[in-house]
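Going down the list, the protein sequences come from chains A and B. Going by my numbering, the first sequence opens with residue 5, and the numbers climb by one from there. Going by my numbering, the second sequence opens with residue 5, and the numbers climb by one from there. Worksheet: one structure, shown below.
Protein chains: 2
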Amino acid sequence: MKLGLCKISMFCLARGLVIVVTISEVAKEAGVSVATVSRVLNHCGKVRPETEQKVKEAVVKLQYTINMPARNLRKNESGAILVLARNFTNPFYAKILEGISDEANPAGYNILVSASDGNPKMGFQCIQMLEGRQVDGAILLNCTEDDAVWLKPHIGKYPIVQCCDFVAAFDTPKVIVDHFRTGYEAVQYLVSLGHRRIAFMGAENKHSCTVQRLEGYKKAIKDFELDEEDALYISADANYTFESGCRAVYPMLTGKNPPTAIFCVSDVLALSCIFEAKELGIRVPEEFSVVGCDDVEYARMCHPFLSTFRLPCYEMGRESARQLLRCIHRTPEEYVEIIEDFSLQVRESTGMAGKDVALAVSERT
Amino acid sequence: MKLGLCKISMFCLARGLVIVVTISEVAKEAGVSVATVSRVLNHCGKVRPETEQKVKEAVVKLQYTINMPARNLRKNESGAILVLARNFTNPFYAKILEGISDEANPAGYNILVSASDGNPKMGFQCIQMLEGRQVDGAILLNCTEDDAVWLKPHIGKYPIVQCCDFVAAFDTPKVIVDHFRTGYEAVQYLVSLGHRRIAFMGAENKHSCTVQRLEGYKKAIKDFELDEEDALYISADANYTFESGCRAVYPMLTGKNPPTAIFCVSDVLALSCIFEAKELGIRVPEEFSVVGCDDVEYARMCHPFLSTFRLPCYEMGRESARQLLRCIHRTPEEYVEIIEDFSLQVRESTGMAGKDVALAVSERT
DNA sequence: ACAAAAAATGTAATCCATTACATAACTTTG
DNA sequence: CAAAGTTATGTAATGGATTACATTTTTTGT
């Protein structure tokens, strides 16, 4: 780290000189009472147009701005909502966040973010901020059973929405996709291509998307009477990192009787499978098919383009915010479990089982 | 979108029943004055250990939590900082955000995020939140000349730090890398591999990283007496999208006398060049070398691994937060321009000019 | 044991906007 | 033109914590 040219910030001096203009000064300037000023500011109550004009002029002249903490105190609200996620480096969460912003900002709410990094301090933080009235509600992106300790006693007390990953038993609005179905349909799709040995890559966490997809996968394996072996379930680390995906899939690909296809609970993991397969000289999709989940933008940045489930992240974000605002404004709907649709994007990382057929297929698409 | 099982939220009912415990109730319970309770809560002033004990017990018994808006009003602070960026979908910004959080959270500050999407409402928002005392300071990730209108009159009035992209003329603390040098060194490096026709891919924005890299590039082109042609400068869209990168590089690669190397102002754009080259049957790096910027994790997810400049995003985030907190606490340092180091990660997307030599090199590494 | 110094605690003002209620000004109606 | 009804405006309480200053209690020194 290098230090640049010397520039002394005049900040200290300047800061002390800021004169704080309050509502009563505006009132004095306009020759009215504070109540009238407040009424103009809040567009409520009856004010004679000419009075309103005077007030507005005074506001401009004195460059008045509302002191939000004061208003918040009086109104007992904060005008902010909390978004709690494992991390925002994941483009998947970033997209949800975008949706939340687009819905909440126009409604006058600010977004506070907090990355829990998967550890349970999350609950403490969250409750802390709700109790401290720093936020009016929270959207949880990675709720798991582990959160019962802190969440259970507070459900119904504060506006909380579960988005994406969730725990069914917690009675909050939920905006989710049917993860079980993704697992089931992934297998179904691969079976339709002729695969019989299909692996599953999860992650070392209790996220519902991981857990339920595995269940869907297992159900499908049973239903279609496919090879059922513990060796076919592997796990990357809790954060779905590329390296952990490579490490997890390597022994499977080099062992005897490897699978001909795999379903991964995230795109990054799917990319790691494709990468590792290529490293080992295994052709994708001719010899090994890979299905991912999320449809991040990187899924189409190098060949083979990834076949993956597209989840409506942005829309889920918006819907979560919508639900949360309903709770905050005490107008929740009767239906609080909203299941968004997903769709399988068939691209280049999947093909028919058996090389020759596969080649023919991949050439056709 | 489908609606799930009917679950009526009991939220409405429960909410109304929350009894608000105030500091004076705690005082009464503990048999002391509010001042004493406050002193215990803030760990300031002298309080007899046994009194402190009584207060703490009362706090636990009544489940008291501080009303933050009230405290903030009195202390004239918000305990929050604003991070303004074009978007957080970009992993580059997400990483910076992570650094900011890790520094600011332990110091008791919450993080408010706002995606400006590159439009000038940004300034309005930012000033709005500072004036409204909703945040104690702001970190700007995409400051450009366009922001002068709103920013100039407020510099020194509010704690503001420029991170990453910046405008030199705005006298705020800056945490940056020397973008000019990245441009220069990219060319220098490519020249060392024997390249003489080197292109540059920028973006349709005024970000300093785009602008200054182009300047560094041009200077190097002059210094090394290389081919200097307008046709060698191309631009992707303002958001550095993959598709726009593909569109921009296509005519160049298919035109006559194409370059043998290109330097891109972002990794996603570099990946788009590699992609497009491969589509056209141009081998990377044997026939076409590509250098990126940012070193996002996707740079090493498929071959050829991208040669790129690694910027210390996380550390820049931390340092920005550190600087901002100094401003907020009125203890800015004498040096407010902090230049972080970058490093070129030489990987597989660059090679010697001329196929045979290039092959030899790529095999060696 | 008593004055002086130090420590602990309490009282009340303060931060600034909102809003219930009171009052004033203005219309309408018979 | 007065009474009743509307509409506009003002007064003062309120939200819940912090903190300067005042007062009480404890400790120290002789």
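We put the beta carbon where it would ideally sit given N, CA and C, even for glycine.
Under the three-state DSSP convention, the category A235/B falls into: helix
For E61/A, the nearest candidate out of R75/A, K50/A, V44/A (CA to CA): Nearest option by C-alpha distance: V44/A.
Cα-Cα separation between T93/B and A98/A, rounded to whole angstroms: 5 Å
Cβ-based contacts, 7 Å cut-off: residues of the region 93–113 of chain B near chain A: T93, P95, A98, K99, L101, E102, S105
Buried versus exposed call for T335/A [16 or more other C-beta atoms within 10 Å across all chains shown]: exposed
Simplified DSSP assignment, three categories, for D151/A: helix
Spatially closest choice to G3/B from C168/B, N46/B, H307/B, S248/B, by CA coordinates: Here chain B covers residues 5 to 369 and nothing more, so residue 3/B does not appear.
Under 9 Å between C-beta atoms of C48/B and L88/B: No, Cβ-Cβ distance for C48/B and L88/B is not below 9 Å.
Three-state class that DSSP yields for C277/A in the structure shown: helix
C-alpha gap between I164/B and L284/A, whole angstroms: 51 Å
Buried versus exposed call for F128/B [16 or more other C-beta atoms within 10 Å across all chains shown]: exposed
Residue span of the beta strand (DSSP E) that contains I286/B, given as start and end: Note, I286/B: premise wrong, no beta strand (DSSP E); not H, not E.
Validate contact between the region 167–176 of chain A and the region 144–152 of chain A using beta carbons, cut 8 Å, 3 pairs: yes
C-beta neighbour in chain B for R304/A, strict 9 Å: Yes, R304/A lies at the interface with chain B (some Cβ there is under 9 Å from its Cβ).
Beta-bridge partners of T312/B, as assigned by DSSP: G296/B, Q349/B
Identity of the residue in T148/B, C297/B, G103/B, D175/B nearest R185/B by Cα: C297/B
Proximity test, Cβ basis, 9 Å: S13/A and chain B: Low confidence applies here, because S13/A scores a pLDDT of 43, under 50, leaving its location unreliable; read the following figure in that light. Cβ-Cβ to chain B under 9 Å: yes for S13/A.
For N146/B: DSSP bridge partner residues: Per DSSP, D169/B.
Segment contact, 8 Å Cβ cut-off, at least three pairs: the region 225–234 of chain B with the region 243–258 of chain B: Contact between the region 225–234 of chain B and the region 243–258 of chain B is absent, because fewer than three Cβ pairs lie under 8 Å.
Straight-line Cα distance separating P262/B from I286/B: 11 Å
CB of I104/A within 9 Å of CB of E341/A, strictly: no
Three-way DSSP call (helix, strand, coil) for E344/B in this model: strand
Which of helix, strand or coil DSSP assigns to L17/A: The predicted position of L17/A is uncertain, since its pLDDT is 37 and thus under 50; a value taken from the coordinates is nonetheless stated next. Helix.
Below-9 Å beta-carbon distance, Q138/A vs any chain B residue: Yes, because at least one Cβ of chain B sits closer than 9 Å to the Cβ of Q138/A.
Proximity winner among T214/B, H158/B, Q132/B, I202/B, relative to T264/B (alpha-carbon distances): Nearest of T214/B, H158/B, Q132/B, I202/B to T264/B, Cα basis: I202/B.
Contact with chain B by V272/A, beta-carbon distance below 9 Å: It does: the Cβ of V272/A has a partner Cβ on chain B nearer than 9 Å.
Residues within the region 271–298 of chain B neighbouring chain A, beta-carbon criterion of under 7 Å: L275, F279
is_contact[L116/A, chain B] using C-beta, thresh 9 Å: yes
Neighbour-count burial assignment, N114/B, 16 or more Cβ in a 10 Å radius: Buried, because 16 or more other Cβ atoms sit within 10 Å of the Cβ of N114/B.
Complete alpha helix (DSSP H) runs within the region 24–102 of chain A (minimum length 4 residues, chain order): 27–34, 38–45, 53–66, 72–79
Contact list for E69/B against chain A, beta-carbon separation under 8 Å: According to the sequence shown, residue 69/B is Thr rather than Glu. What T69/B touches in chain A: Q132, E135, G136.
Contact check, C306/A vs M205/A, beta carbons under 9 Å: No, they are not a contact pair.
Residue(s) in a DSSP beta bridge with L116/A: L86/A, L116/B
Any chain B beta carbon closer than 9 Å to S82/A: yes
Cβ neighbour criterion (16 or more within 10 Å) applied to H333/A: exposed
CB-CB length for L66/B against V30/B, believed under 8 Å: 6 Å
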